[in-house]
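*Asks:* Dropping a structure here in structure tokens format, bear with me for questions.
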Amino acid sequence: MKQARKSFVLASLIGCTIAVAQPVYAEEAPAAAAAPAAAPAEPASPHTLSANVGLFSQYVFRGITYTNERPALQGGFDYAHASGAYLGIWGTNVDDAGLYGNTLEIDLYGGFANTIGDTGIGYNLGFLQFYYPDNDKIAGQSPNTTELNAALSYKWFTLKYSRAVTDFFGLNSVSLGDGKGDTKGSDYWELNFNYVLPKDINLALHVGHQTVEDRSDFDYTDFLIGVNKNFSVGSSTGWNVGVNYTTTDADDDIWVDAKGHETGDDHVILFLKRTF
0 MKQARKSFVL ASLIGCTIAV AQPVYAEEAP AAAAAPAAAP AEPASPHTLS ANVGLFSQYV
60 FRGITYTNER PALQGGFDYA HASGAYLGIW GTNVDDAGLY GNTLEIDLYG GFANTIGDTG
120 IGYNLGFLQF YYPDNDKIAG QSPNTTELNA ALSYKWFTLK YSRAVTDFFG LNSVSLGDGK
180 GDTKGSDYWE LNFNYVLPKD INLALHVGHQ TVEDRSDFDY TDFLIGVNKN FSVGSSTGWN
240 VGVNYTTTDA DDDIWVDAKG HETGDDHVIL FLKRTF
């Protein structure tokens, strides 16, 4: 369960050489033709394609582990346009005890991101679709979930809001048997801080709050602190290694998987990934 960037370079034109006409005499050969103007350089493409792959010691989303603290192999593809539009797909393995027997998660996402004039304030409007191709359900209810999101960023800070427009991972009065209706409208607020420390070490801080519609006992707050560093291996660029620590105040009687593991406990995540 995851989340654009762009650059545009104007091409420069090479000046043309101007030849001055000279008189031609009968005994002389015609003067050499003037050199043709150089072709303009190709403009940079407005389209950007990238891929990413990573090995994580576990998969933690919003403070909850979905691999029962076991390793996760994750990867995806991203497309971005110079206008700010973007689209991507990302996948990871999950533990069957954490999501009703499903073992694979695929996320589809897209949106539009840009800045507000020259204020330095960025904005991002998007969607995120969580899809579980195993199609295992809880009491006949699908965990597939769709969220809409909006974010504002300035310097090191990003404030983001996400709202579910479907049931929240299959939770409703049928799957829970509580007669409280669906969980559409569940939301998640998060504040992220990213800063580059000396030695080009990236510091990441995060606090988020999940609410589940009409199910206040499911609500919780999560925290993250992490460091990571970009590096190259010879001529191979795009590498990143890091560690995150997460914790939550989630109710251990509710946020527990089918094997009885408390999924909202403290977690340490080591990772190595590459973007290319």
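Under numbering that gives the first Met the number 0, the first residue of the sequence shown carries the number 0, and numbering increases by one thereafter.
All residues carry an ideal CB built from backbone N, CA and C; glycine is no exception.
#1: The alpha helix (DSSP H) spanning Leu170 covers which residue range?
#2: Rounded to whole angstroms, what's the CA-CA distance from Leu223 to His266? Just pull it up for me.
#3: If I measure Cβ to Cβ from Leu107 and keep anything under 6 Å in the same chain, skipping five residues before and after, which residues do I get?
#4: In whole angstroms, what is the alpha-carbon distance linking Val195 and Lys179?
#5: List the DSSP bridge partners of Arg61.
#6: What is the DSSP secondary structure of Thr165, counted as helix, strand or coil?
#7: Going by DSSP, name the residue or residues bridged to Tyr99.
#8: Decide if the stretch 170-177 is in contact with the stretch 192-207; the criterion is three or more beta carbon pairs, one per stretch, under 8 Å apart.
#9: Label Trp254 either buried or exposed according to how many other C-beta atoms from any shown protein chain fall within 10 Å of its C-beta, with 16 as the threshold for buried.
#10: Can you give me the Cβ contacts of Val226 inside the same chain, cut-off strictly under 8 Å, excluding the 5 residues immediately before and after it?
#11: For Val59, which residues in the same chain have their Cβ closer than 6 Å to its Cβ, ignoring the five residues on either side in sequence?
#12: Is it the case that the Cβ atoms of Gly74 and Gly100 are separated by a distance below 8 Å?
#13: Just how far apart, CA to CA, sit Asp297 and Thr182?
#14: Throw me the rounded Cβ distance for the Arg162 and Gly184 pair, which I believe falls under 8 Å.
#15: Going by beta carbon distance, what residues of the same chain come within less than 6 Å of Gly121, once the five residues before and after it are set aside?
#16: Just list the residues that DSSP pairs Asp106 with in beta bridges.
#17: Less than 8 Å between the CB atoms is what I'm expecting for Ile105 and Pro142, so what's the real figure, rounded?
#18: I need the boundaries of the beta strand (DSSP E) containing Thr236, first residue and last residue.
#19: Where does Asp216 sit, in a helix, a strand or coil, going by DSSP?
#20: So, for Thr274: in the same chain, excluding its five sequence neighbours on each side, which residues have a beta-carbon less than 8 Å away from its beta-carbon?
#21: Can you tell me the Cα-Cα spacing of Gly259 and Leu170, whole angstroms?
#22: DSSP on Lys198, reduced to helix/strand/coil?
#23: Roughly how many whole angstroms lie between the Cα atoms of Pro39 and Tyr219?
*Replies:* To lay it out plainly:
#1: As a working mapping, residue 170 is identified with position 171 in the sequence shown. Segment: none, Leu170 is in no alpha helix (DSSP H) and carries neither H nor E.
#2: On the sequence shown, residue 223 is found 224 positions in, with the first residue counted as 1. On the sequence shown, residue 266 is found 267 positions in, with the first residue counted as 1. Roughly 9 Å separates the two Cα atoms.
#3: Mapped onto the sequence shown, residue 107 falls at position 108. Cβ neighbours of Leu107 beyond the five flanking positions: Ile88 and Gln128.
#4: In the sequence shown, counting from the first residue as 1, residue 195 sits at position 196. In the sequence shown, counting from the first residue as 1, residue 179 sits at position 180. For Val195 and Lys179, the distance between alpha carbons rounds to 46 Å.
#5: Mapped onto the sequence shown, residue 61 falls at position 62. Its beta-bridge partners do not exist; DSSP assigns none.
#6: For the purposes of this step, residue 165 is taken as residue 166 along the sequence shown, with counting starting at 1. In the structure shown, Thr165 sits in coil (DSSP, three-state: anything other than H, G, I, E or B).
#7: Your numbering for residue 99 matches position 100 in the sequence shown. Partner(s): none; Tyr99 has no beta bridge.
#8: no
#9: Translated into the one-based positions of the sequence shown, residue 254 becomes position 255. By the 10 Å Cβ count, Trp254 comes out buried.
#10: Locating residue 226 in the sequence shown gives position 227, where the first residue counts as 1. Result list for Val226: Leu196, Ile200, Asn201, Leu202, Ala203, Gly241 and Val242, in chain order.
#11: Looking up residue 59 in the sequence shown gives position 60. Excluding positions up to five away in sequence, the list reads Thr245, His266 and Ile268.
#12: The residue given as residue 74 occupies position 75 in the sequence shown. The residue given as residue 100 occupies position 101 in the sequence shown. In this structure, Gly100 does not lie closer than 8 Å to Gly74 by Cβ.
#13: Lying outside 0 to 275, the shown extent of the chain, residue 297 is not represented and no answer is given.
#14: Here residue 162 is taken as the residue at index 163 of the sequence shown, counted from 1. Here residue 184 is taken as the residue at index 185 of the sequence shown, counted from 1. Right, their Cβ atoms sit about 7 Å apart.
#15: Residue numbering aside, residue 121 sits at position 122 when the sequence shown is read from its first letter. Contacts found: Thr114 and Ser152.
#16: On the sequence shown, position 107 is the one that residue 106 refers to. Trp89 and Phe129, per the DSSP bridge assignment.
#17: As a first step, residue 105 must be located in the sequence shown, where it is residue number 106. As a first step, residue 142 must be located in the sequence shown, where it is residue number 143. With 8 Å as the limit, Ile105 and Pro142 do not qualify as a contact, their Cβ atoms being about 12 Å apart.
#18: Your numbering for residue 236 matches position 237 in the sequence shown. Ser235 to Thr247 is the span of the beta strand (DSSP E), which, as asked, contains Thr236.
#19: What you label residue 216 is simply residue 217 of the sequence shown in a count that begins at 1. Helix at Asp216.
#20: Here the question's residue 274 lines up with position 275 in the sequence shown. Cβ within range, chain order: Ser49, Ala50, Asn51, Gly237 and Asn239.
#21: As a working mapping, residue 259 is identified with position 260 in the sequence shown. As a working mapping, residue 170 is identified with position 171 in the sequence shown. Cα-Cα distance, rounded: 18 Å.
#22: Numbered from its first residue, the sequence shown carries residue 198 at position 199. The answer is helix: DSSP assigns Lys198 an H, G or I state.
#23: The residue given as residue 39 occupies position 40 in the sequence shown. The residue given as residue 219 occupies position 220 in the sequence shown. Approximately 58 Å, taken between the alpha carbons.
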